[in-house]
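Engineer:
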Amino acid sequence: MSEALLLAVIGLLLLPSLTRRLRAHLAPSEWARINATSLVAAVVLFEVALIVCALPLLLFFINGGEQRHFFPGGIFAGYVSLITAVALPVSVAIGIARLVARRRVLRAEPWFGEHHLVDGVDIVLLPTRAELAFSLPGRPPQIVLSEGLVEVLTEDELRTVIQHEAAHIRYRHSRYLLVVAALAPIFGHLRPVRESLDSLELSLECWADAAAGPTSLDRRSTRSALMTLSHTYCGTGIAAFSKAEAAAIRLESLSDGPAVTKPQIRMLLYGTLAVLAAIPVASLWSFAG
Ligand SMILES: [Zn+2]
Numbered sequence: 006m007s008e009a010l011l012l013a014v015i016g017l018l019l020l021p022s023l024t025r026r027l028r029a030h031l032a033p034s035e036w037a038r039i040n041a042t043s044l045v046a047a048v049v050l051f052e053v054a055l056i057v058c059a060l061p062l063l064l065f066f067i068n069g070g071e072q073r074h075f076f077p078g079g080i081f082a083g084y085v086s087l088i089t090a091v092a093l094p095v096s097v098a099i100g101i102a103r104l105v106a107r108r109r110v111l112r113a114e115p116w117f118g119e120h121h122l123v124d125g126v127d128i129v130l131l132p133t134r135a136e137l138a139f140s141l142p143g144r145p146p147q148i149v150l151s152e153g154l155v156e157v158l159t160e161d162e163l164r165t166v167i168q169h170e171a172a173h174i175r176y177r178h179s180r181y182l183l184v185v186a187a188l189a190p191i192f193g194h195l196r197p198v199r200e201s202l203d204s205l206e207l208s209l210e211c212w213a214d215a216a217a218g219p220t221s222l223d224r225r226s227t228r229s230a231l232m233t234l235s236h237t238y239c240g241t242g243i244a245a246f247s248k249a250e251a252a253a254i255r256l257e258s259l260s261d262g263p264a265v266t267k268p269q270i271r272m273l274l275y276g277t278l279a280v281l282a283a284i285p286v287a288s289l290w291s292f293a294g
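Each residue of the sequence shown is one higher than the one before, counting from 6 in our numbering.
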């Protein structure tokens, strides 16, 4: 059963990547939630399995006596599990701390640029030729734009960019991006998992695009703004308006119009997620029993 548990955890880590072609059949908000749930479940269940695997070793150190190992590999697997069980949460904490620090650096101080408080959001215009458009959580949350950006966009394009960033704030996408930042240090080097993290980021961008304006005129303005700004980049974990690697897919989604949910695709995704999450739980349950 331990092999099934590992395969299920790998399946949960890869689900967002393997199912990314189905995104056109689901609302971006639902797609983002499924991606985030799958990734968080994978890491939590993996950590629990590592602790369970390391537990016999810890009990042996404390009480002595016979060891009962969950995974094949005996005491060696116990040591590897113990080290990984400590390294995983440390890596997650480092990833989150890095993102929080990066957001703090990007936050515009009150004395820098023009600040306008609109509906509880601090809209900042920075005096720079660089084309910047990103949002940051906080009190108050910020939408940061630049004079260079205002110069290259039309009035309609600028309006949809602000609505896009406001959607990131309204739907708390910064929390989803914490998942990406937390998993990137340890799993981001594995290409298939990196694609899952990219899939989650892309789903948030499509969600904000859809929320930026439901009309065809809004979608056209978002598309043309995206084409103008697709070369700009702010790094992982920052809700920037455009990221080059995701821009082509977003342009395609915007030209296709709102996603039409297919119930059978939804059932397939939720069913796969439930089965993959149930396997590790059943494995751990049978070990405890
Ligand atoms: Zn965005």
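Glycine is no exception: its CB is placed at the ideal position from the N, C-alpha and C atoms.
Quick one: Cα of Val110 to Cα of Ile101, how far?
Structural biologist: Near 14 Å, if we compare the C-alpha coordinates of Ile101 and Val110.
Engineer: What residues in its chain sit with their C-beta under 6 Å from that of Ser34, if we drop five residues either side in the sequence?
Structural biologist: Trp212
Engineer: Taking DSSP's pairing of strands, which residues face Ala138 in a bridge?
Structural biologist: Residue pairing of Ala138 in beta bridges, as defined by DSSP: Leu150.
Engineer: My assumption, with CB atoms under 8 Å, is that Leu198 sits in contact with Leu19. Please give the rounded CB distance.
Structural biologist: One point to set straight first is that residue 198 is Val, not Leu, in the sequence displayed. Indeed, because the Cβ distance is near 7 Å, the residues count as touching under 8 Å.
Engineer: According to DSSP, simplified to helix, strand and coil, what is Glu210?
Structural biologist: When DSSP states are grouped into helix, strand and coil, Glu210 belongs to the helix group.
Engineer: Give every residue of the same chain whose Cβ lies closer than 7 Å to the Cβ of Leu207, excluding the five residues on either side of it in the sequence, and list them in chain order.
Structural biologist: Ala251, Ile254
Engineer: Are the CB atoms of Val126 and Ile174 within a distance shorter than 8 Å?
Structural biologist: yes
Engineer: Is His194 helix, strand or coil by DSSP?
Structural biologist: Coil, per DSSP.
Engineer: Comparing the CB of His121 with every heavy atom of ligand 1, is any distance shorter than 7 Å?
Structural biologist: At a threshold of 7 Å, His121 does not count as near ligand 1, since its beta carbon sits no closer than that to any of the ligand's heavy atoms.
Engineer: Could you give the residue range of the beta strand (DSSP E) that holds Asp127?
Structural biologist: 126-131
Engineer: Is there at least one non-hydrogen atom of ligand 1 closer than 7 Å to the beta-carbon of Ala213?
Structural biologist: yes
Engineer: Quick one: residues in its chain with C-beta nearer than 7 Å to the C-beta of Ala47, no 5 flanking neighbours on either side, listed in chain order?
Structural biologist: Val14, Leu17, Leu18
Engineer: So, helix, strand or coil for Val91, using DSSP?
Structural biologist: helix
Engineer: Can you tell me which of Ile191, Pro146, Glu210 puts its alpha carbon nearest to the alpha carbon of Leu122?
Structural biologist: Pro146
Engineer: Please state the DSSP three-state secondary structure of Leu122.
Structural biologist: strand
Engineer: Could you compute how far the alpha carbon of Arg108 sits from the alpha carbon of Ile67?
Structural biologist: 43 Å
Engineer: Hey, Val129 and Glu136 are a contact pair by Cβ (cut 8 Å); roughly how many whole angstroms apart?
Structural biologist: About 15 Å; that fails the 8 Å criterion.
Engineer: Are Val57 and Leu289 close, meaning C-beta to C-beta below 8 Å?
Structural biologist: Contact flag set, yes.
Engineer: Have a look at Thr89 and Val184 and give me their C-alpha separation to the nearest angstrom.
Structural biologist: 19 Å
Engineer: Since I believe Ser43 is in contact with Leu278 (beta carbons under 8 Å), could you give me their beta-carbon distance rounded to a whole number of angstroms?
Structural biologist: 6 Å
Engineer: Are Ala186 and Arg103 closer than 8 Å when you measure CB to CB?
Structural biologist: yes
Engineer: Using a Cβ-Cβ cutoff of less than 8 Å, which residues in the same chain neighbour Arg144 once the five nearest sequence positions on both sides are dropped?
Structural biologist: Sequence-distant partners of Arg144 (beyond 5 residues in either direction) whose C-beta falls short of 8 Å from its own C-beta are missing from its chain.
Engineer: For Tyr181, which residues from the same chain have a beta carbon less than 7 Å from its beta carbon, with the 5 sequence-adjacent residues on both sides left out?
Structural biologist: So the qualifying residues of the chain are Ala37, Ala41, Leu205, Leu209.
Engineer: So, at 7 Å on beta carbons, what are the nonlocal neighbours of Met6 in its own chain, with the 5 sequence-adjacent residues on each side left out?
Structural biologist: Summary for Met6: the model assigns pLDDT 49, below 50, so the residue's position carries little reliability, and this model does not support an answer.
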